[in-house]
Structure formats: C-alpha cells, structure tokens
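K.L.:
Residues -25 to -1, 1 to 453, numbered by mature numbering (1 follows the signal peptide of the UniProt record, and there is no 0), are exactly what the sequence shown covers, in order. Note that the Cβ used here is the ideal one computed from N, Cα and C, for glycine as well. I'd like to ask you about the structure that follows.
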Amino acid sequence: MICSGHGAFIVLLALSCLIVPITYASKLPSQVLDFIHGGTIKNAGCNTNLSGKRWAVLVAGSKGYYNYRHQADVCHAYQILKKGGLKDENIIVFMYDDIAFNDNNPRPGVIINKPNGGDVYAGVPKDYTKDHVNAKNFYAVILGNKSALTGGSGKVVNSGPNDHIFIYYTDHGGPGVLAMPTGEYMYANDLNNVLKKKHAAKSYKSMVFYLEACESGSIFEGLLPNNLNIYATTASNASEDSYAAYCPEDSEAVEKYDTCLGDLYSISWLEDSDKHDLRQETLQKQYEVVQRRTVVGVSDRSSHVMQYGNKKQSNECLYYYMGTNPTNENYTFVKNPSSPSTLRVVNQRDANLLHFWHKYHKAPAGSHEKLKAQKELNDEISLRKHVDYSINHIGELLFGNGNSSKVLETVRPSGQPIVDDWNCFKMLVSTYEKYCGSLSKYGTQHMRAIANMCNAGVTMKQMVAASTQTCFKIPPTY
C-alpha cells in the first residue's frame, strides 16, 4: 500500500500506513556492538567526587489517555534519577496526571513504559499537575523564580554555580513550538531566552537538555549558542517528525492498552540508562546509541537525533546529571549480539488516531462505546481536514495558487531559526486560532507555513482577512 503522507488518515484502511516496523539487524558496526555488548572499548571513568548538586526538571507536555506515552516516559525518567541517587527535593515533575487512574487504563494506578514493563508511576512526585502544567510555570521553575509560579508544589531549580541541571521534555511540537496541556504554546525563542537568563545568573555549572517532539531540532536550531554550558539533543532535526513506540500492533501485551506506551527517542535513552553504569558512559556514547536505534531500519519515516549547544560537553559522563544505579556497577554485558528484533513505530501525530481506531474496532457493534469511539474518530478526521484545508487556502489567498506551496513549505538552511520576527509569528498563530480554531497537536506541523508567512512579510491585517474568508465552521478539538 502506498502511504501519501498525512492524507493516509482519510481512509481507515490506510491505518496500516501509520505503523512502520523497524528491524534492528544484529550486524551493526563493530564499535557500536563493542559498546552495547561489552567489547574492548574503554570509557574514561568519571570523577565521582562531584561538587555541587544535581537538579532535574521532567516535563510531560500533554494530556489525554491517547498520549499515555509522554507521562510514561517522564515517570520512567524519574525512576532512573531516583535510583541514581537524586533526591526528590531536586527532581521537579510536570505531568497532567490523568493516565494512571484513567478509565481506559487496564491496570489502574499503574503506568508502564514498555510491554509487560514494571510500574514507573509509583513514588513519582506530583509537583505540577493539571492546569499548573504550563509554559509560564516551566520557565519559573528553571529560573528558580517562586514568585512567578501559579499553583503546584512550589519547587524550583534553586541551583548554584557548581550545580548540574538535567531537563527532559516529551510531548508534541512543531516548527518553533512545543505544546503544553494548558496555556499558550512554548515558543523556541522564549525558551532559549530563559536558558540565557539562567546562564547570566551564574546559577549552574552545566546543563543537559533532552527533547522529544516532532521538529524538535527547530527549538534550538540557530537559537542556542555554544557558550552557555548547555548541551542539548533532540529526537529529530528541524523538519522531521518523531515517533511513538510500543504501540498496540507491536504485541498482545500492548493491545489491551489501545495506545502507545513510549516514544522511540525517549525509550532509547531511558532503556540505555537503565542498564549501564553511568559513571562509565558519556553523553556522547548515549547519543550514538540513541541515534542508531532511532534511525536504523527506517527509510522515509526516520528521524535524526541531533546535538546542539556546547557539544564539547558530550564528553562528560551521564553520572554528573543522572547519578547511577548501584546495581549496575557489576553489570555483565552480553558478549554475543542479540538476534534481530522488530519494533513498530507510529508518527507522533497519528498516535491518537490509532487509539480512536482501536477503541472503535474493539467496541461491540451497536454499543454506546462503539458510537462514542466512532464520534471521536470522525471528529479527529474532520479536524485534520479542516486544519489542512484552512492553512492551504489561506496560503493561496495570500500568495496565489501557483506560489502558495513553494512559500509555505520552504525549509530554511541549517543554522537558521524558522523565523526572524517571533512577534509576527506569535501574532499570526493567534490570529489563525482566533478565526479558525486551534491548530491542535496534529496541526502544529503547519507552524512552518505560518512562520514563512512572516518571513514573506504578511501582516496581521492580511492574515485576518484571509482567515475570516477561509473559516466558517470550526470543528471540535482535543
């Protein structure tokens, strides 16, 4: 079957296009196998006499059971840090907290991050939940600014000049933006300005930022300087999607969940951290492992894990940021390569569609559950058609039928941010959503088109005229 991009959702039978198997061949380059299976490569062990404290900020930026995987990723990250020796007072967690006891969860009170996995929810501090999971609180936490908080536990990164900070964010995103379950989008320029302000306050020694989202490279591309003592990796470059993993078609153990349990980039670094002595593994080594696992076997549906900021920091050990689990000290590597395995992945933006389809497919014929699932599925399809149509039609009104696609789809050269005038970008996004409704997590892929409108000189007055002419009925959003 030929899958035609995001148009695949229109016909339900094309759901097979959403599931992409990745086969991990046992014949990997010798250096990778040496590292994974305990060959002759030697890592220079870390200096374990660490001065200063470790801090961590973990953010699941979504809500809804169909986004189960994001909170599962964050809970898993917490367990690694806790076992690594970080104290709860130094770990700050943002999660909507609507998954563990959701009616759809087959194991109430338990969250897992892989098929047949153990509970990762137990003990996780609920610092910022529900409406308190928003960009403003996230910025305030990073900056250690308690006065700017609204709700939550009040915990902030009250770090000093010798401290090490680890930030992990997982959710949906788009060119230049990250989503939050409540409040406004988190724009790339605002986030980078917060990081610059943190650096100017001389309140950390070094920082690591792991970012999972579609087009996540656009958050740092051309924006994060290399002189802030910040090292960042992203699940994809500035123009690629990222992928959900451990999805229903992957195994019977996941089938009953009707949703994906993890994200490919995230489970790659999480599972790598689970088993290694992090005093012996550098950030660079983990980057290489995650990079290969994320891209191997995928052709047109792959993402390239990227590095930004001060790449020299990648020579530092993970121990400085995550500690290490004492039980991994005598970890015995498997000397022989494992047999090939297959992992199915789904575009992050299509994971909710897959969830709705599973609910509809499994519900008894004629039941209330069947009708409800059908409505959810139809509403999602309607929303996607509306967003795709409205953005394309606005583009045609602004630039003409012949030039619209060329302008809207332009990808700027590497090293440049997606837009020059961020105020214009925010203004046009707000204008579109005022007249045409929320872009939704699916529609964030069109953020590049709106950025390109700014780059082409479109004014708010022109955007208002095009939006009001295009949008008449706004479908529901999720």
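Under the three-state reduction of DSSP, which class applies to ALA176: helix, strand or coil?
P.N.:
Coil.
K.L.:
Could you tell me the boundaries of the beta strand (DSSP E) in which THR209 lies?
P.N.:
First-last of the beta strand (DSSP E) with THR209: 205 to 209.
K.L.:
Using the C-alpha atoms, what's the distance from TRP332 back to GLY60?
P.N.:
Rounded to whole angstroms, GLY60 to TRP332 spans 42 Å at the Cα level.
K.L.:
Buried or exposed: PRO136, going by 16 or more other Cβ atoms within 10 Å of its Cβ?
P.N.:
That one is exposed.
K.L.:
Under a three-way DSSP split, which group does ALA426 fall into?
P.N.:
DSSP places ALA426 in helix when its eight states are reduced to three.
K.L.:
Excluding five sequence neighbours on each side, which residues of the same chain lie with their C-beta closer than 6 Å to the C-beta of ALA440?
P.N.:
So no residue of the chain qualifies.
K.L.:
Spatial neighbours of ALA123 within its chain, please: C-beta separation below 6 Å, excluding the five flanking residues on both sides.
P.N.:
The answer, listed in chain order, is ALA115.
K.L.:
Which same chain residues end up closer than 6 Å to GLU344 when comparing Cβ atoms and leaving out the 5 residues on each side of it in sequence?
P.N.:
Only ALA338 meet the Cβ criterion.
K.L.:
DSSP has LEU153 in a bridge; who is on the other side?
P.N.:
Answer is GLY148, MET161.
K.L.:
With VAL270 and TRP244 assumed to form a contact (beta carbons below 8 Å), what rounded beta-carbon distance in angstroms separates them?
P.N.:
Not quite, the Cβ-Cβ distance comes to about 14 Å (not below 8 Å), so this is no contact.
K.L.:
Straight-line CA distance for residue 497 to GLU256?
P.N.:
Lying before the first or after the last residue shown, residue 497 is absent from the chain, which here runs from -25 to 453.
K.L.:
Note the first and the last residue of the continuous alpha helix (DSSP H) segment covering MET359.
P.N.:
Sequence inspection shows Arg at residue 359; the Met mentioned does not correspond to that position. Residues 343 to 374.
K.L.:
Could you check what DSSP says for ASP238 in three-state terms: helix, strand or coil?
P.N.:
ASP238: strand per DSSP, three-state reduction.
K.L.:
In whole angstroms, give me the CA-to-CA distance for residue 461 and VAL132.
P.N.:
This structure leaves residue 461 out entirely; the chain is present only between -25 and 453.
K.L.:
Rounded to whole angstroms, what is the Cα-Cα separation between HIS279 and GLY432?
P.N.:
Looking at the two C-alpha atoms, the distance is approximately 31 Å.
K.L.:
Look up SER442 in the DSSP assignment and say whether it is helix, strand or coil.
P.N.:
Note: SER442 maps to helix in three-state DSSP.
K.L.:
Does DSSP classify residue 473 as helix, strand or coil?
P.N.:
Look at the range of the chain in this structure, -25 to 453, and you will see that residue 473 is not part of it.
K.L.:
Taking a contact to mean a Cβ-Cβ separation below 7 Å, would you say ALA188 touches MET155 in this structure?
P.N.:
No, the pair does not count as a contact, with Cβ atoms beyond the cut-off.
K.L.:
Using DSSP's beta-bridge definition, name the partner residues of ASN290.
P.N.:
ASN290 pairs with nothing; no bridge assigned.
K.L.:
For a quick check, are the C-beta atoms of TYR206 and GLN259 less than 7 Å apart?
P.N.:
Contact flag unset, no.
K.L.:
What does the alpha-carbon distance come out to for the pair ASN140 and TRP30?
P.N.:
At residue 140 the sequence reads Ile, which differs from the Asn that was named. ILE140 and TRP30: Cα-Cα distance of roughly 5 Å.
K.L.:
Where does ARG324 sit, in a helix, a strand or coil, going by DSSP?
P.N.:
Three-state result, ARG324: helix.
K.L.:
Excluding the five sequence neighbours on either side, which residues of its own chain have a C-beta within less than 7 Å of the C-beta of ASP252, listed in chain order?
P.N.:
THR299, ASN303, GLU304, TYR306.
K.L.:
State the DSSP-derived secondary structure class of GLN282, mapped to helix, strand or coil.
P.N.:
Strand, per DSSP.
K.L.:
In whole angstroms, give me the CA-to-CA distance for LEU203 and MET297.
P.N.:
Cα-Cα distance, rounded: 20 Å.
K.L.:
Terminal residues of the continuous beta strand (DSSP E) containing TYR43?
P.N.:
Careful: TYR43 lies outside any beta strand (DSSP E), inside the alpha helix (DSSP H) at 43 to 58.
K.L.:
Three-state secondary structure (DSSP) at THR257?
P.N.:
Correct three-state label for THR257: strand.
K.L.:
Exposed or buried, which one is MET161 when buried takes at least 16 other CB atoms within 10 Å?
P.N.:
Buried is the call here.
K.L.:
State buried or exposed for ALA213, treating a residue as buried only when at least 16 other CB atoms are found within 10 Å of its CB.
P.N.:
Buried, by the Cβ-count rule.
K.L.:
Over what stretch of residues does the beta strand (DSSP E) that includes SER181 continue unbroken?
P.N.:
Taken as a continuous stretch (DSSP letters only), the beta strand (DSSP E) holding SER181 covers 181 to 187.
K.L.:
Please confirm if the segment 316 to 326 is in contact with the segment 383 to 393, defined as three or more CB-CB distances below 8 Å between the two stretches.
P.N.:
As far as the Cβ criterion goes, the segment 316 to 326 does not touch the segment 383 to 393, which means the pair count is below three.
K.L.:
Roughly how many angstroms separate the alpha carbons of LEU293 and GLU224, rounded to a whole number?
P.N.:
The straight-line gap from Cα to Cα measures roughly 33 Å.
K.L.:
How about TYR143 and ALA220: do their beta carbons lie closer than 7 Å?
P.N.:
It is not a contact, given that the beta carbons lie outside the stated cut-off.
K.L.:
Could you compute how far the alpha carbon of LEU346 sits from the alpha carbon of TYR179?
P.N.:
So the alpha carbons of these two residues sit roughly 53 Å apart.
K.L.:
Kindly give me the distance between the Cβ atoms of LEU56 and ILE66, rounded to whole angstroms, as I take these residues to be in contact under 8 Å.
P.N.:
Rounded, the Cβ-Cβ distance is 6 Å, consistent with contact.
K.L.:
Between which residues of its own chain and THR104 is the CB-CB distance below 7 Å, once the five residues before and five after are set aside?
P.N.:
Same-chain partners within the cutoff: MET70, TYR71, ASP72.
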